[in-house]
Amino acid sequence: MKGTAKILLCLSTMTPLAVHAQIIMCKDAAGKTYTSDRPIMECSGRAYREFGKNGNLKREVAAPLTAEQKRQMELEEQRRKAEEAALAEQKQADRAMLTRYLNEGDIGLARKRALEVAGEQRQRHAEALAAAEKRLKQAQLEITQVKNKNDMPPGLQRRIEEADKAIRDERKNLQESDHEIAQINKKYDATLQRYRELAGRQSTASK
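The C-terminal residue of the sequence shown carries number 207 in this note's numbering, and the numbering is unbroken.
Put into C-alpha coordinates, the structure is as follows:
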(Lines of atoms letter the chains of each structure in order from A; the text may use other names.)
(Lines give C-alpha, C1' and ligand atoms only; values in the text may rest on other atoms or scores of the structure.)
Protein backbone atom coordinates (compact mmCIF):
# COMPACT_ATOMS: atom_id res chain seq x y z
CA MET A 1 0.00 0.00 0.00
CA LYS A 2 3.00 2.28 0.58
CA GLY A 3 3.92 1.89 -3.11
CA THR A 4 0.39 2.77 -4.12
CA ALA A 5 0.46 5.90 -1.95
CA LYS A 6 3.70 7.04 -3.57
CA ILE A 7 2.26 6.55 -7.07
CA LEU A 8 -0.85 8.51 -6.14
CA LEU A 9 1.22 11.30 -4.59
CA CYS A 10 3.39 11.63 -7.67
CA LEU A 11 0.37 11.61 -9.95
CA SER A 12 -1.36 14.34 -7.95
CA THR A 13 1.70 16.63 -8.11
CA MET A 14 2.42 16.03 -11.81
CA THR A 15 -1.18 16.13 -13.03
CA PRO A 16 -3.19 19.10 -11.70
CA LEU A 17 -6.41 17.63 -13.07
CA ALA A 18 -5.99 14.59 -10.84
CA VAL A 19 -6.50 16.74 -7.76
CA HIS A 20 -10.11 17.25 -8.77
CA ALA A 21 -10.70 13.83 -10.35
CA GLN A 22 -10.90 10.21 -9.25
CA ILE A 23 -7.74 8.19 -9.72
CA ILE A 24 -8.02 4.76 -11.36
CA MET A 25 -5.52 1.98 -10.75
CA CYS A 26 -5.44 -1.46 -12.34
CA LYS A 27 -3.19 -4.21 -13.62
CA ASP A 28 -3.06 -5.61 -17.14
CA ALA A 29 -2.85 -9.29 -18.06
CA ALA A 30 0.91 -9.24 -17.56
CA GLY A 31 0.58 -7.82 -14.05
CA LYS A 32 1.80 -4.34 -14.91
CA THR A 33 0.19 -1.58 -12.82
CA TYR A 34 -1.44 1.41 -14.51
CA THR A 35 -2.62 4.60 -12.80
CA SER A 36 -4.58 7.42 -14.40
CA ASP A 37 -7.32 9.96 -13.84
CA ARG A 38 -9.22 8.65 -16.86
CA PRO A 39 -10.18 5.18 -18.24
CA ILE A 40 -7.16 3.00 -18.98
CA MET A 41 -7.25 1.12 -22.29
CA GLU A 42 -4.70 -1.47 -21.16
CA CYS A 43 -7.04 -2.58 -18.37
CA SER A 44 -10.21 -2.70 -20.41
CA GLY A 45 -12.36 -5.56 -19.18
CA ARG A 46 -10.29 -6.08 -16.03
CA ALA A 47 -10.82 -5.31 -12.35
CA TYR A 48 -9.77 -1.88 -11.12
CA ARG A 49 -9.78 0.37 -8.05
CA GLU A 50 -10.85 3.97 -7.70
CA PHE A 51 -9.18 6.38 -5.26
CA GLY A 52 -10.26 9.81 -4.14
CA LYS A 53 -8.09 12.91 -4.40
CA ASN A 54 -6.82 12.23 -0.89
CA GLY A 55 -5.58 8.78 -1.89
CA ASN A 56 -8.29 6.85 0.01
CA LEU A 57 -9.82 3.84 -1.71
CA LYS A 58 -13.36 4.68 -2.81
CA ARG A 59 -14.40 1.42 -4.43
CA GLU A 60 -13.19 -1.75 -6.13
CA VAL A 61 -14.80 -2.78 -9.40
CA ALA A 62 -14.67 -6.45 -10.33
CA ALA A 63 -13.83 -7.58 -13.83
CA PRO A 64 -16.83 -8.25 -16.11
CA LEU A 65 -18.03 -11.84 -16.03
CA THR A 66 -16.87 -14.16 -18.75
CA ALA A 67 -19.40 -16.02 -20.91
CA GLU A 68 -18.78 -19.19 -18.89
CA GLN A 69 -19.22 -17.37 -15.58
CA LYS A 70 -22.50 -15.87 -16.84
CA ARG A 71 -23.68 -19.32 -17.90
CA GLN A 72 -22.82 -20.75 -14.48
CA MET A 73 -24.69 -17.92 -12.76
CA GLU A 74 -27.73 -18.54 -14.94
CA LEU A 75 -27.61 -22.27 -14.12
CA GLU A 76 -27.30 -21.49 -10.43
CA GLU A 77 -30.27 -19.13 -10.62
CA GLN A 78 -32.33 -21.76 -12.42
CA ARG A 79 -31.40 -24.32 -9.75
CA ARG A 80 -32.35 -21.90 -6.98
CA LYS A 81 -35.74 -21.16 -8.56
CA ALA A 82 -36.39 -24.88 -9.08
CA GLU A 83 -35.64 -25.56 -5.40
CA GLU A 84 -37.95 -22.74 -4.31
CA ALA A 85 -40.73 -24.06 -6.56
CA ALA A 86 -40.27 -27.59 -5.23
CA LEU A 87 -40.39 -26.31 -1.64
CA ALA A 88 -43.57 -24.35 -2.32
CA GLU A 89 -45.14 -27.39 -3.98
CA GLN A 90 -44.20 -29.60 -1.01
CA LYS A 91 -45.74 -27.13 1.44
CA GLN A 92 -48.96 -27.08 -0.58
CA ALA A 93 -49.03 -30.89 -0.69
CA ASP A 94 -48.44 -31.03 3.08
CA ARG A 95 -51.35 -28.69 3.76
CA ALA A 96 -53.61 -30.75 1.50
CA MET A 97 -52.56 -33.95 3.28
CA LEU A 98 -53.31 -32.61 6.74
CA THR A 99 -56.67 -31.36 5.52
CA ARG A 100 -57.59 -34.69 3.91
CA TYR A 101 -56.37 -37.08 6.62
CA LEU A 102 -57.29 -36.44 10.25
CA ASN A 103 -55.33 -39.44 11.50
CA GLU A 104 -53.35 -42.48 10.35
CA GLY A 105 -56.54 -44.53 10.19
CA ASP A 106 -57.84 -42.30 7.38
CA ILE A 107 -54.71 -43.07 5.37
CA GLY A 108 -55.21 -46.79 5.95
CA LEU A 109 -58.82 -46.60 4.69
CA ALA A 110 -57.75 -44.68 1.59
CA ARG A 111 -55.10 -47.30 0.86
CA LYS A 112 -57.63 -50.10 1.30
CA ARG A 113 -60.12 -48.51 -1.12
CA ALA A 114 -57.46 -47.94 -3.76
CA LEU A 115 -56.18 -51.51 -3.43
CA GLU A 116 -59.70 -52.91 -3.69
CA VAL A 117 -60.29 -51.14 -7.01
CA ALA A 118 -56.92 -52.27 -8.38
CA GLY A 119 -57.46 -55.80 -7.04
CA GLU A 120 -60.84 -56.13 -8.74
CA GLN A 121 -59.32 -55.07 -12.04
CA ARG A 122 -56.50 -57.57 -11.62
CA GLN A 123 -59.00 -60.32 -10.90
CA ARG A 124 -60.84 -59.55 -14.15
CA HIS A 125 -57.59 -59.84 -16.09
CA ALA A 126 -56.75 -63.10 -14.33
CA GLU A 127 -60.15 -64.55 -15.24
CA ALA A 128 -59.79 -63.37 -18.85
CA LEU A 129 -56.35 -65.00 -19.02
CA ALA A 130 -57.70 -68.30 -17.70
CA ALA A 131 -60.52 -68.21 -20.26
CA ALA A 132 -58.09 -67.49 -23.12
CA GLU A 133 -55.80 -70.33 -22.01
CA LYS A 134 -58.80 -72.66 -21.91
CA ARG A 135 -59.82 -71.66 -25.45
CA LEU A 136 -56.30 -72.20 -26.71
CA LYS A 137 -56.06 -75.59 -25.08
CA GLN A 138 -59.39 -76.64 -26.58
CA ALA A 139 -58.39 -75.46 -30.06
CA GLN A 140 -55.04 -77.26 -29.83
CA LEU A 141 -56.85 -80.42 -28.78
CA GLU A 142 -59.09 -80.17 -31.81
CA ILE A 143 -56.04 -79.89 -34.05
CA THR A 144 -54.58 -83.11 -32.66
CA GLN A 145 -57.80 -84.87 -33.62
CA VAL A 146 -57.58 -83.74 -37.22
CA LYS A 147 -55.87 -86.46 -39.26
CA ASN A 148 -55.98 -84.63 -42.55
CA LYS A 149 -55.19 -80.96 -42.79
CA ASN A 150 -57.84 -80.64 -45.47
CA ASP A 151 -60.41 -81.71 -42.90
CA MET A 152 -59.48 -78.92 -40.43
CA PRO A 153 -62.64 -77.20 -39.18
CA PRO A 154 -63.17 -73.67 -40.57
CA GLY A 155 -61.79 -70.90 -38.36
CA LEU A 156 -59.86 -73.26 -36.08
CA GLN A 157 -56.49 -71.68 -36.88
CA ARG A 158 -58.00 -68.23 -36.41
CA ARG A 159 -59.33 -69.28 -32.98
CA ILE A 160 -55.85 -70.39 -31.98
CA GLU A 161 -54.31 -67.11 -33.08
CA GLU A 162 -56.95 -65.05 -31.29
CA ALA A 163 -56.59 -67.08 -28.09
CA ASP A 164 -52.82 -66.78 -28.25
CA LYS A 165 -53.05 -63.00 -28.68
CA ALA A 166 -55.56 -62.73 -25.82
CA ILE A 167 -53.16 -64.64 -23.57
CA ARG A 168 -50.31 -62.27 -24.38
CA ASP A 169 -52.52 -59.22 -23.81
CA GLU A 170 -53.91 -60.44 -20.49
CA ARG A 171 -50.47 -61.39 -19.18
CA LYS A 172 -49.33 -57.87 -19.98
CA ASN A 173 -52.43 -56.48 -18.25
CA LEU A 174 -51.65 -58.56 -15.17
CA GLN A 175 -48.13 -57.20 -15.05
CA GLU A 176 -49.48 -53.66 -15.26
CA SER A 177 -52.00 -54.41 -12.50
CA ASP A 178 -49.26 -55.78 -10.26
CA HIS A 179 -47.19 -52.67 -10.94
CA GLU A 180 -50.17 -50.44 -10.13
CA ILE A 181 -50.75 -52.25 -6.82
CA ALA A 182 -47.07 -51.86 -5.94
CA GLN A 183 -47.26 -48.15 -6.76
CA ILE A 184 -50.35 -47.71 -4.59
CA ASN A 185 -48.59 -49.27 -1.62
CA LYS A 186 -45.50 -47.18 -2.29
CA LYS A 187 -47.60 -44.01 -2.47
CA TYR A 188 -49.42 -44.66 0.81
CA ASP A 189 -46.23 -45.75 2.55
CA ALA A 190 -44.71 -42.38 1.65
CA THR A 191 -47.93 -40.59 2.64
CA LEU A 192 -47.98 -42.28 6.02
CA GLN A 193 -44.32 -41.49 6.64
CA ARG A 194 -44.79 -37.83 5.70
CA TYR A 195 -47.94 -37.57 7.80
CA ARG A 196 -46.07 -38.87 10.83
CA GLU A 197 -43.29 -36.33 10.24
CA LEU A 198 -45.75 -33.44 10.03
CA ALA A 199 -47.78 -34.67 13.00
CA GLY A 200 -44.58 -34.96 15.02
CA ARG A 201 -43.61 -31.39 14.18
CA GLN A 202 -47.04 -30.10 15.18
CA SER A 203 -46.84 -32.01 18.45
CA THR A 204 -43.39 -30.59 19.21
CA ALA A 205 -44.48 -27.06 18.32
CA SER A 206 -47.53 -27.24 20.62
CA LYS A 207 -45.44 -28.14 23.67
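Here a beta-carbon is modelled for each residue, glycine too, at the ideal position from N, C-alpha and C.
Name the one or two DSSP bridge partners that Y208 has. This structure leaves residue 208 out entirely; the chain is present only between 1 and 207.
Option in E50, T33, R49 with minimal Cα separation from E42: Selected option, being the one with the closest Cα: T33.
By how many angstroms is the C-alpha of Q90 removed from the C-alpha of L198? Taking the straight line from one Cα to the other gives about 12 Å.
In terms of alpha-carbon separation, which member of R196, L192, C26 lies closest to R111? Closest by alpha carbon: L192.
Helix, strand or coil for I24? Go by DSSP, reduced to three states. Residue state, collapsed to three classes: strand.
Under 7 Å between the Cβ atoms of A128 and I160? Not a contact, by the Cβ cut-off of 7 Å.
Under the three-state reduction of DSSP, which class applies to S177: helix, strand or coil? Helix, per DSSP.
Can the beta-carbon of A131 be found less than 7 Å from the beta-carbon of A163? Taking the C-beta atoms as reference points, A163 is found no nearer than 7 Å to A131.
For K58, which of helix, strand or coil comes out of DSSP? Three-state result, K58: strand.
If you reduce the DSSP assignment to three classes, tell me which class A38 lands in. This sequence places Arg at residue 38; Ala is not what is there. DSSP places R38 in the coil class of the three-state scheme, outside both helix and strand.
Three-state secondary structure (DSSP) at Y48? The three-state reading of DSSP puts Y48 in strand, counting E and B together.
Against chain B, does I23 count as a neighbour if the rule is that its beta carbon must be under 7 Å from one of theirs? Here there is only one protein chain, and chain B is not present.
Inter-stretch contact at 8 Å, needing at least 3 Cβ pairs: the stretch 141-148 / the stretch 166-179: Because the criterion of three Cβ pairs below 8 Å is not met, the stretch 141-148 and the stretch 166-179 do not touch.
Inspect the beta-carbon positions of I184 and L115 and report whether they are closer than 7 Å. In contact: I184 and L115 (Cβ atoms closer than 7 Å).
Cβ-based burial, M73 [other Cβ within 10 Å; buried from 16]: Residue environment: M73 is assigned as exposed (fewer than 16 neighbouring CB atoms within 10 Å of its CB, all protein chains considered).
Strand pairing of T33, partner residues [DSSP]: Looking at the DSSP output, T33 shares a beta bridge with K27.
What's the C-alpha gap between K70 and A86? Taking the straight line from one Cα to the other gives about 24 Å.
Going by the CB atoms, is the gap between R49 and M25 shorter than 7 Å? Yes, the Cβ-Cβ distance between M25 and R49 is below 7 Å.
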